[in-house]
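Trainee:
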Amino acid sequence: MRRVLSTEKSTTARNAVLPMYSLLDRCQCSAMATAWSRVPGQQGCCHIYLQGWRYREHGHRDAALRAFRELLTLGRQWGHQGWIGAAEKAIADLATVTSSECWQATSTITAADLETAKQCSKAALLHEQGHWPQALQVYQHLLAVATQAQQPWAMGRCLNGLGLIYLEQQRFTLAATCLQTAVAVLADLEAPVQSATVLHNLGLAHDGQGHYQLAQSCFKNALECWQMAEDDLGVALTLDYLGRTYARGQEAWLALGSFEAAADVLYELGQHTDVRSEAAALLSQMALLCERFRYYDLAIAYWNATLEIYQTLSLIAPQVCIWQQLSQLYRVVGHEAIARHYVNCMMPAIMR
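First residue of the sequence shown: 1, per this note's numbering; consecutive thereafter.
1. When the Cα of Leu298 is compared with those of Cys225, His60, Leu329, Ala64, which residue comes out closest?
2. DSSP three-state label for Leu326, please.
3. Within 7 angstroms (strictly less), CB to CB, does Gln213 reach chain B?
4. What do you get for Arg253, buried or exposed, if any count of 16 or more other CB atoms within 10 angstroms of its CB means buried?
5. Identify whether Leu189 lies in helix, strand or coil by the three-state DSSP scheme.
6. Look at the Cβ atom of Leu283, then the Cβ atom of Thr312, and state whether they are nearer than 7 angstroms.
7. Judging by CA-CA distance, which residue of Ala236, Tyr295, Ala184 is the nearest neighbour of Tyr267?
8. What is the rounded straight-line gap between the Cα of Arg66 and the Cα of Glu230?
9. Rounded C-beta distance between Ala215 and His206? I'm assuming under 8 angstroms.
10. State the start and end residues of the unbroken alpha helix (DSSP H) segment that holds Gln311.
11. On the CB-based measure, 16 or more other CB atoms within 10 Å of its CB, does Gln51 come out buried or exposed?
12. Which runs of the alpha helix (DSSP H), 4 residues or longer, sit entirely within the region 152–235?
13. What did DSSP end up calling Val320 once you bin it into helix, strand or coil?
14. So, using beta-carbon positions, are Val265 and Asp240 closer together than 7 angstroms?
15. Once DSSP output is grouped into helix, strand and coil, what is the label at Ala149?
16. In angstroms, rounded to a whole number, what distance separates the CA positions of His341 and Thr245?
17. Compare the C-alpha of Cys345 against each of Cys321, Ala135, Val332 and name the closest.
18. Go ahead and pull the three-state DSSP assignment for Phe293.
19. Note the first and the last residue of the continuous alpha helix (DSSP H) segment covering Gly257.
20. Can you tell which of Leu94, Tyr166, Leu186, Glu115 has the C-alpha that lies nearest to the C-alpha of His127?
21. Put His335 into one of helix, strand or coil per three-state DSSP.
22. Taking all protein chains shown into account, do 16 or more other C-beta atoms lie within 10 angstroms of the C-beta of Met155, making it buried, or fewer, making it exposed?
23. Mind checking Glu190: buried by the 16 CB within 10 Å criterion, or exposed?
24. Looking at Arg171: is its Cβ nearer than 7 angstroms to the Cβ of Cys120?
25. Roughly how many whole angstroms lie between the Cα atoms of Gly203 and Ala182?
26. Is it buried or exposed for Arg248, if we count other Cβ within 10 angstroms and need 16 for buried?
27. Leaving out five residues on either side along the sequence, give the residues of the same chain with a beta carbon under 6 angstroms from the beta carbon of Tyr139.
28. Relative to the alpha-carbon of Leu142, which residue among Leu125, Val343, Gly130, Glu115 has its alpha-carbon at the smallest distance?
29. Give me the Cα-Cα distance between Leu326 and Gly257, rounded to the nearest whole angstrom.
30. Rounded to whole angstroms, what is the Cα-Cα separation between Asp62 and Trp226?
31. Give me the Cα-Cα distance between Leu357 and Leu164, rounded to the nearest whole angstrom.
32. Does at least one heavy atom of the ligand ADP sit under 6 angstroms from the Cβ of Ala146?
33. Thinking Ala117 and Leu94 are a contact (beta carbons under 8 angstroms), I'd like their distance in whole angstroms, please.
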């Protein structure tokens with residue numbers, strides 16, 4: 001494996017609802033909105049601030065705006081007036097909206113849209129807390145109001161919020177209905193991030209129903225939108241799930257191709273952002289796929305690449321699991337001595 005990722009302290013975290021990523025994101029902006037974890041102290045704020053300016057200098061306005069909004073959130077959480085002021089000034093230079101507005105700002109958003117967005121945030125919080133009936137009720141009420149007032153941005157957000165809840169409840173038909181409607185509502189708006197979000201979630205709904213070709217079509221359309229929005233993390237996310245649908249459809253090489261493409265995107269991101277945890281999860285998924293289809297040499301290569309990443313993270317438990325996998329695989333391919341070597345690697349860690 002040629003990929004070497006950043007060794008800075010990790011700045012990414014994922015909800016464990018799905019193995020690698022959470023359901024695409026409950027505040028309904030891009031995947032970046034859930035990408036940055038809370039790195040304590042000055043170092044985390046400085047990292048995000050510099051990244052925001054890098055995005056801005058390269059013309060990635062939306063990515064810069066998301067980074068500065070994250071900085072504002074962190075500053076407020078820690079009560080750091082310096083970072084709050086810096087974030088507010090940067091946001092003011094980029095847009096006329098405040099950091100509390102998660103849905104993308106354009107000239108077509110009205111004051112009524114923004115008020116509805118605040119209510120949607122309350123519904124998203126209810127969802128996050130597990131209060132699904134209350135969240136559904138709020139979203140349905142807001143959707144009725146937004147539909148009557150012909151507020152397409154608010155309608156799209158409400159429909160996506162409903163779809164996310166139905167996805168988590170595994171009510172895939174209802175989720176698909178909501179998300180397909182959201183796609184139609186957003187079709188006439190210049191909203192690549194929102195369209196990508198909804199299309200990705202619609203792909204999850206089709207995948208949950210076993211409609212793999214429909215899911216693949218949605219994921220491919222979502223990829224086009226992520227690329228239009230220049231959101232690399234969104235690209236990696238959707239490539240990952242596209243690969244999963246190929247794997248479930250027994251298309252191993254297409255799955256590996258999609259996973260490799262996602263890994264390449266993460267490698268590029270790793271030049272300035274720590275995505276080691278995501279890369280390790282993706283590589284381990286690739287290794288398991290190769291084991292399933294009996295591509296043992298490939299599986300060994302992917303497990304070794306995953307092991308290298310976990311060693312840089314100093315995480316012992318995943319290393320033990322990988323040593324066990326490698327020992328079993330080397331026995332399968334007839335290398336008993338190497339298999340015993342990995343068993344010997346395991347023992348000191350287990351005895352601690």
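Quick reminder that beta carbons are idealized off the backbone N, C-alpha and C, glycines included. Predicted model only: the values in this text are computed from it and were never measured.
Mentor: By the coordinates alone:
1. What you label residue 298 is simply residue 298 of the sequence shown in a count that begins at 1. The shortest Cα separation from Leu298 among Cys225, His60, Leu329, Ala64 belongs to Leu329.
2. Here residue 326 corresponds to residue number 326 of the sequence shown, with the count starting at 1. Leu326: helix per DSSP, three-state reduction.
3. Looking at the structure shown, chain B is missing, and only one protein chain is on hand.
4. Here residue 253 is taken as the residue at index 253 of the sequence shown, counted from 1. In the sequence as presented, Arg is not what sits at residue 253; that position holds Trp. So Trp253 ends up on the exposed side.
5. Taking the first residue of the sequence shown as 1, we reach residue 189 at position 189. Here Leu189 sits in coil by DSSP.
6. Here the question's residue 283 lines up with position 283 in the sequence shown. Here the question's residue 312 lines up with position 312 in the sequence shown. No. Outside cutoff.
7. Locating residue 267 in the sequence shown gives position 267, where the first residue counts as 1. That would be Ala236, whose Cα lies nearest to the Cα of Tyr267.
8. Numbered from 1 along the sequence shown, position 66 holds the residue referred to as residue 66. Numbered from 1 along the sequence shown, position 230 holds the residue referred to as residue 230. Cα to Cα, Arg66 sits roughly 13 angstroms from Glu230.
9. Numbered from its first residue, the sequence shown carries residue 215 at position 215. Numbered from its first residue, the sequence shown carries residue 206 at position 206. That belief holds up - the Cβ atoms of Ala215 and His206 are roughly 4 angstroms apart, short of 8 angstroms.
10. Taking the sequence shown and counting its residues from 1, the one referred to as residue 311 is at position 311. Taken as a continuous stretch (DSSP letters only), the alpha helix (DSSP H) holding Gln311 covers 296–313.
11. What you label residue 51 is simply residue 51 of the sequence shown in a count that begins at 1. Gln51 should be labelled buried.
12. 152–168, 172–186, 192–208, 212–229
13. Reading the sequence shown from its first residue, position 320 is the one you call residue 320. If DSSP states are grouped into helix, strand and coil, Val320 belongs with the helices.
14. Counting from one through the sequence shown, the residue named residue 265 turns up at place 265. Counting from one through the sequence shown, the residue named residue 240 turns up at place 240. No, the pair does not count as a contact, with Cβ atoms beyond the cut-off.
15. Numbered from its first residue, the sequence shown carries residue 149 at position 149. Reduced to three states, the DSSP call for Ala149 is coil.
16. Locating residue 341 in the sequence shown gives position 341, where the first residue counts as 1. Locating residue 245 in the sequence shown gives position 245, where the first residue counts as 1. Those two C-alpha atoms are separated by around 36 angstroms.
17. Within the sequence shown, numbered from 1, the residue matching residue 345 stands at position 345. That would be Cys321, whose Cα lies nearest to the Cα of Cys345.
18. Start at 1 with the first residue of the sequence shown, and residue 293 comes out as number 293. Note: Phe293 maps to coil in three-state DSSP.
19. In the sequence shown, residue 257 corresponds to position 257, counting from 1. Taken as a continuous stretch (DSSP letters only), the alpha helix (DSSP H) holding Gly257 covers 252–269.
20. Within the sequence shown, the letter at position 127 stands for residue 127. Comparing Cα-Cα distances from His127 to each of Leu94, Tyr166, Leu186, Glu115, the minimum goes to Tyr166.
21. Within the sequence shown, residue 335 is the residue found at index 335, counting from 1. His335 falls in the coil class under three-state DSSP.
22. As a working note, residue 155 is residue 155 in the sequence shown. That one is buried.
23. Translated into positions along the sequence shown, residue 190 becomes position 190. Classification for Glu190: exposed.
24. The residue labelled residue 171 in the question sits at position 171 within the sequence shown. The residue labelled residue 120 in the question sits at position 120 within the sequence shown. The answer is no: Cβ separation not under 7 angstroms.
25. Working through the sequence shown from its first residue, we reach residue 203 at position 203. Working through the sequence shown from its first residue, we reach residue 182 at position 182. The alpha-carbon atoms of Gly203 and Ala182 are separated by roughly 13 angstroms.
26. As a working mapping, residue 248 is identified with position 248 in the sequence shown. Classification for Arg248: exposed.
27. Residue mapping note: residue 139 aligns to position 139 of the sequence shown, counting from 1. Contacts found: Ala123, Cys158, Gly161, Leu162.
28. The sequence position of residue 142 within the sequence shown is 142, counting from 1. Residue Glu115 is the option with its Cα nearest to Leu142.
29. The residue given as residue 326 occupies position 326 in the sequence shown. The residue given as residue 257 occupies position 257 in the sequence shown. Answer to the nearest angstrom: the Cα atoms are 23 angstroms apart.
30. For this step, residue 62 is matched to residue 62 along the sequence shown. For this step, residue 226 is matched to residue 226 along the sequence shown. Approximately 12 angstroms, taken between the alpha carbons.
31. This structure gives no information on residue 357, because the portion of the chain shown stretches from 1 to 352.
32. With respect to the ligand ADP, the structure offers nothing, as it holds no ligand at all.
33. Taking the sequence shown and counting its residues from 1, the one referred to as residue 117 is at position 117. Taking the sequence shown and counting its residues from 1, the one referred to as residue 94 is at position 94. Not really, about 18 angstroms apart at Cβ, beyond 8 angstroms.
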